[in-house]
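Residue numbers (my numbering): 1 to 268. Presented below is the structure to which this report refers.
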Amino acid sequence: MKILLLGKNGQLGYELAKQLPAIAEVIAFGRDELDLTDLNAVVQAVQTHQPNIIVNAAAYTAVDKAETDSVNCYLANAAAPAILANEAKAIGALLIHYSTDYVFDGTKTTPYEPTDTPNPINYYGYSKLMGEEGIKYSGCDYLIFRTSWVYHPDYGNNFYRSMQRLAKEREMLNIVADQHGIPNDARDLAADTVKLLQQPLAQLKAQSGIYHLTAGLENQTTWHGFATQIIDAMPEKTCKVVNPIPTSAYPTPAKRPMWSVMQRVLPA
Ligand SMILES: NC(=O)c1ccc[n+]([C@@H]2O[C@H](COP(=O)([O-])OP(=O)(O)OC[C@H]3O[C@@H](n4cnc5c(N)ncnc54)[C@H](OP(=O)(O)O)[C@@H]3O)[C@@H](O)[C@H]2O)c1
1 MKILLLGKNG QLGYELAKQL PAIAEVIAFG RDELDLTDLN AVVQAVQTHQ PNIIVNAAAY
61 TAVDKAETDS VNCYLANAAA PAILANEAKA IGALLIHYST DYVFDGTKTT PYEPTDTPNP
121 INYYGYSKLM GEEGIKYSGC DYLIFRTSWV YHPDYGNNFY RSMQRLAKER EMLNIVADQH
181 GIPNDARDLA ADTVKLLQQP LAQLKAQSGI YHLTAGLENQ TTWHGFATQI IDAMPEKTCK
241 VVNPIPTSAY PTPAKRPMWS VMQRVLPA
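Here is the structure:
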């Protein structure tokens, strides 16, 4: 079994690069070796390595920058996944791709199901939805795993690590308390992926579709709730107060969905 892993230096890609070699031969690329905006290089990588499974953990994830850097965002999140899917179809490979809660508008008040209608409210969400569509229409065998609020406690730039840093620098933090979601540890997302990939390939291909790879609903919280949990667990900090604030008090270039809670739904 040969796996082509893209995005090996991202939070999730880093964990997949650690965990996937337990079950397969892994050829892993970071942006330096394969830039997704170079669509010819994407084609070449698949044709050269002829993997049984392509795992695409690479993505343009700078949500605010995407509002103005739309071409690069579209190439990485929409065009490249569609090309990967076409190439996967050509060689009969299974494509594993990750998508996002940001395909939804956040107007629901109960957990999103994979069958709910997407309606992105920012460019990043739109580009990821176009990636999903390109994969679906390619006719390849695919598993798209939407996830949310990804962090790695020991690696990369993420909310978890920012809170740990800020809690040592400041006495008070103001954190948004009216956006709801489920934080996901990249180590768990990789472990869930590895576990699924231990199934026979034919069985996985037969379950092609969109799934929600998130922790259970009991982990639902707000950014404020998550920050409080992170900071409470720190033995040494200067931060004494974590203040809840509304989204309106923390304006960002890209709008965020107020409700990002997704029901965990995985292949059988
Ligand atoms: N982070 C979240 O909260 C979140 C939430 C929902 C869904 N997701 C999805 O989960 C997946 C994994 O996300 P993550 O949190 O691991 O993201 P991440 O830490 O930002 O990693 C993404 C990786 O993709 C690489 N990349 C960006 N543009 C590229 C390009 N043009 N060519 C090649 N590589 C490129 C980045 O390279 P550099 O290191 O050089 O920048 C980075 O290593 C993505 O599909 C993302 O959309 C993430």
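Cβ atoms here follow ideal geometry from the backbone N, Cα and C, with glycine treated the same way. Here the structure is a predicted model, which means the values were calculated and not measured.
Margin query: Please report the distance separating the alpha-carbon of residue 9 from that of residue 30.
Written below: Within the sequence shown, the letter at position 9 stands for residue 9. Within the sequence shown, the letter at position 30 stands for residue 30. C-alpha separation (whole angstroms): 6 angstroms.
Next item on the list: Determine the contact status of residue 148 and residue 262, defining contact as a CB-CB distance below 8 angstroms.
Entry: The sequence position of residue 148 within the sequence shown is 148, counting from 1. The sequence position of residue 262 within the sequence shown is 262, counting from 1. Cβ distance < 8 angstroms, so residue 148 and residue 262 count as in contact.
Next item on the list: With a threshold of 16 other CB atoms inside 10 Å of the CB of residue 142, please say whether the residue is buried or exposed.
Entry: Along the sequence shown, one-based indexing puts residue 142 at 142. So residue 142 ends up on the buried side.
Notebook entry, point to check: Is any heavy atom of ligand 1 found at a distance shorter than 7 angstroms from the C-beta of residue 35?
Noted result: Taking the sequence shown and counting its residues from 1, one reaches residue 35 at position 35. For ligand 1, at least one heavy atom lies less than 7 angstroms from the Cβ of residue 35.
Check: For ligand 1, is there a heavy atom less than 7 angstroms away from the beta-carbon of residue 142?
Finding: Within the sequence shown, residue 142 is the residue found at index 142, counting from 1. Outside the cutoff, so no.
Note to self: Helix, strand or coil, according to DSSP, for residue 159 in the structure here?
What the structure shows: Locating residue 159 in the sequence shown gives position 159, where the first residue counts as 1. In this structure, residue 159 counts as helix in the three-state DSSP scheme.
Margin query: For the stretch 249-261 against the stretch 100-112, do three or more pairs of beta-carbon atoms, one drawn from each stretch, fall closer than 8 angstroms, so that the two count as touching?
Written below: yes
Next item on the list: Measure how close the beta-carbons of residue 172 and residue 240 come, nearest whole angstrom, since I'm counting them as under 8 angstroms.
Entry: Locating residue 172 in the sequence shown gives position 172, where the first residue counts as 1. Locating residue 240 in the sequence shown gives position 240, where the first residue counts as 1. Going by Cβ atoms, the distance from residue 172 to residue 240 rounds to 7 angstroms, so yes, they are a contact pair.
Note to self: By alpha-carbon positions, which one of 11, 4 and 3 ends up nearest to residue 151?
What the structure shows: Here residue 151 corresponds to residue number 151 of the sequence shown, with the count starting at 1. Of the listed residues, the one whose Cα sits closest to residue 151 is 11.
Margin query: With three or more beta-carbon pairs closer than 8 angstroms as the criterion, would you say the stretch 71-82 touches the stretch 105-115?
Written below: no
Notebook entry, point to check: Near residue 177, which residues of its chain fall below 8 angstroms by C-beta distance, leaving aside the five closest residues on each side in sequence?
Noted result: As a position in the sequence shown, residue 177 is number 177, starting the count at 1. Correct list, in chain order: 222, 223, 224, 225, 244, 245 and 246.
Next item on the list: Report the partner residues of residue 56 according to the DSSP bridge assignment.
Entry: One-based indexing of the sequence shown puts residue 56 at position 56. DSSP output for residue 56 lists 6 and 97 as bridge partner(s).
Check: Buried or exposed: residue 236, going by 16 or more other Cβ atoms within 10 Å of its Cβ?
Finding: Along the sequence shown, read from residue 1 onward, the residue named residue 236 stands at position 236. Exposed, by the Cβ-count rule.
Note to self: Rounding to the nearest angstrom, what Cα-Cα distance links residue 18 and residue 184 in this structure?
What the structure shows: In the sequence shown, the residue the question calls residue 18 occupies position 18. In the sequence shown, the residue the question calls residue 184 occupies position 184. Going by the C-alpha atoms only, they are around 18 angstroms apart.
Next item on the list: Go through the stretch 24-97 residue by residue and report every complete run of the alpha helix (DSSP H) that reaches 4 residues or more, in order.
Entry: 39-49, 70-74 and 80-91
Checklist line | Simplified DSSP assignment, three categories, for residue 224 | finding: Your numbering for residue 224 matches position 224 in the sequence shown. Helix, per DSSP.
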